[in-house]
Each structure stands twice: as C-alpha cells, then as structure tokens.
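A short write-up of the structure that comes next.
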Amino acid sequence: MHFRSGFFFFLFRHCSADIRHLDYEVTQVENGYAPSLFKSMQRRAVVPDENGQDGKESLYSTISGHRAGEAAVVYEHGADIEAVMPKLRHPEYYTEPPIQELAAKERAHPGFCCHVRDFVVGRHKYGSIKFEGETDVRRLDLESIIQFNHREVVVYRDESKKPPVGQGLNKPAEVTLLNIKCINKKTGQQYTEGPKVDRYKEMLTKKAEEQGAEFLSYDAAKGEWKFKVKHFSRYELGGHDQDDAFLC
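Structural data, given as structure tokens:
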C-alpha cells in the first residue's frame, strides 16, 4: 500500500444610467454550500433626490436583516469568509466539522478556522484522517492535498508542495482505512475471528511499524484498520503485491 503524505462568485450586470434597476445574481459554483448570509430577498427602493422628489430607483438589499450601510459591512465580511474556507468539491469527500459549520463559526468568531481542533477529512467507504490538535484550515484545497483510493491514502503527492513537519496537514494524525479484510485467497471467504485474523493483525502491525507508523487497532468484521503517524511522507505499507498483502 502506498500511504503518502465552493466558493460563490457574484455576477453583476450594470445597465445604462437611464435603466432604473440593478440585477444582482448569486451563482453557486462549488462546495455545495450556500451561506445563509447571502440568502436574502432583494427589494428596490425609490431614493428621493435633493429636492425631495422621487429619484432613480436603486437596489435596496437586506442581508441577514441588515439595512443599507450595515449590509455593506456584512457583505464584505461574508466575502472574506468565503475566501478563507477550505475547498472540497468531490461529493464523496467530507470534513468534520462540515464546511458549512466552519463558515458559521468563522462568521460568529473570526479566526476560528485558524485553530480547528481534531479536524477530519474523509471519503465515504474509503477512510478518514483525523489531524491531532489544532489545525489551520484556511484556504486549504483539500481535494488536491488528500486523495483516498482503494486501501490507501495519499497526502501531499507533490513533495514540492509539502510544508515542513508540523505545518499545514503535515502533522500527527490518526488514519483509518476501510475495506481491509482478511479474505481466503482461494474461496473468497472473509474471516472475522480466529488464528488467521490474529496473523493478519500481526502483519498489519508489522507493516505499520516498518514505516514509522503506530498500529492502533484492527476490526476484522468492519475491515477497519487504524494507525497513527507523526507526519506525512511516503509509506510502503502494502508490500509489492497489494492484493496478496491483504489476503489471508
């Protein structure tokens, strides 16, 4: 086994000076995430001119209940939040806390995303990584940094982009890999207990230790293998023949 280490854009269409309204469109691009900050109804108000007469119609939007000048401040803050959120587009991947929750907490407590405790990135049916302690998740392109494949996870595939140990996601973490099953190579039978499972567990422990990882647990029934790493580098945990390495 090889174990190695959206946002919103706003489209404005400004019409000519004699047109009395402004269309404001919000288009979702990625992350499947729509902050409630921008889910507001638009209203157009007639602004009196200096003589008290009706002037040109102008856009009057409320954002989360804020009016006029207040809205501009909230809008700017919201745009800043969207810019610093970690990016994750693949529908099979997830984070804990979810990106929506990260945005809400960053909005309520600016700077929250600088120190997210026990941050998790995973792929359904493949596995997950829990980064220990506090992690700065701002502007991380998670999908380009972390790739889960069959019985492996690669972190910082491009070594030139890997930060020093302790920075970014190159830090101590607990890794969980799924579909690690003890299977009879002739019959295809899965073993969940007994001598074969014991030997299989010993093999996983040895493979982890050979590469500097710490074996934590193996659940044969779930096919779930957990181990801890001090940082992310290149690990050869599967041997030369991956299929045979994961058969009993």
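Numbered by mature numbering (1 follows the signal peptide of the UniProt record, and there is no 0), the letters in the sequence shown go through residues -17 to -1, 1 to 231 in order.
Idealized CB from N, CA, C, for every residue including glycine.
For my contact list, residue 155 and residue 213 are in at a C-beta cut-off of 8 Å; report their separation, rounded to the angstrom. Residue 155 sits at position 172 when you count from the first residue of the sequence shown. Residue 213 sits at position 230 when you count from the first residue of the sequence shown. Indeed they touch by this definition, with Cβ atoms about 5 Å apart.
Pop quiz: residue 126 and residue 76 are said to be a contact at Cβ under 8 Å. What is the actual Cβ separation, rounded to whole angstroms? Taking the first residue of the sequence shown as 1, we reach residue 126 at position 143. Taking the first residue of the sequence shown as 1, we reach residue 76 at position 93. Contact flag correct, Cβ pair sits at about 7 Å.
Please determine if the stretch 175 to 185 and the stretch 131 to 139 are in contact, where contact requires at least 3 C-beta pairs separated by less than 8 Å. Taking a cut-off of 8 Å on C-beta distances, the stretch 175 to 185 does not touch the stretch 131 to 139, as fewer than three cross pairs fall below it.
If you scan the stretch 125 to 152 from start to end, which runs of the beta strand (DSSP E) of 3 or more residues do you find wholly inside it? Inside the stretch 125 to 152, DSSP marks whole beta strand (DSSP E) runs of 3 or more residues at positions 129 to 132 and 135 to 138, from first to last along the chain.
Please state the DSSP three-state secondary structure of residue 64. The residue labelled residue 64 in the question sits at position 81 within the sequence shown. In the structure shown, residue 64 adopts helical secondary structure according to DSSP, grouped into three states.
Does DSSP classify residue 114 as helix, strand or coil? For the purposes of this step, residue 114 is identified with residue 131 of the sequence shown, where counting begins at 1. Looking at residue 114 - three-state DSSP - the assignment turns out to be strand.
Which of helix, strand or coil DSSP assigns to residue 187: Within the sequence shown, residue 187 is the residue found at index 204, counting from 1. It is helical.
Enumerate in chain order the residues of its own chain whose CB-to-CB distance from residue 97 is below 6 Å, with the five nearest sequence positions on each side excluded. The residue labelled residue 97 in the question sits at position 114 within the sequence shown. The beta carbon of residue 97 lies closer than 6 Å to those of 119 in the same chain, with the five residues before and after it left out.
Looking only at its chain, what residues have a beta carbon closer than 8 Å to the beta carbon of residue 174, apart from the 5 residues adjacent to it on each side? Looking up residue 174 in the sequence shown gives position 191. The answer, listed in chain order, is 165, 166, 167, 180, 183, 203 and 231.
Classify residue 111: buried if its beta carbon has 16 or more other beta carbons within 10 angstroms, exposed otherwise. The sequence position of residue 111 within the sequence shown is 128, counting from 1. With 16 or more other Cβ atoms within 10 Å, it is buried.
Cβ-Cβ separation, residue 215 to residue 138 (assumed contact under 8 Å), whole Å: Taking the sequence shown and counting its residues from 1, one reaches residue 138 at position 155. Taking the sequence shown and counting its residues from 1, one reaches residue 215 at position 232. About 4 Å separates the two Cβ atoms, so the contact holds.
Give the range of the beta strand (DSSP E) segment to which residue 156 is assigned. As a first step, residue 156 is located in the sequence shown; it is residue number 173 there, counting from the start. 156 to 160 is the extent of the beta strand (DSSP E) around residue 156.
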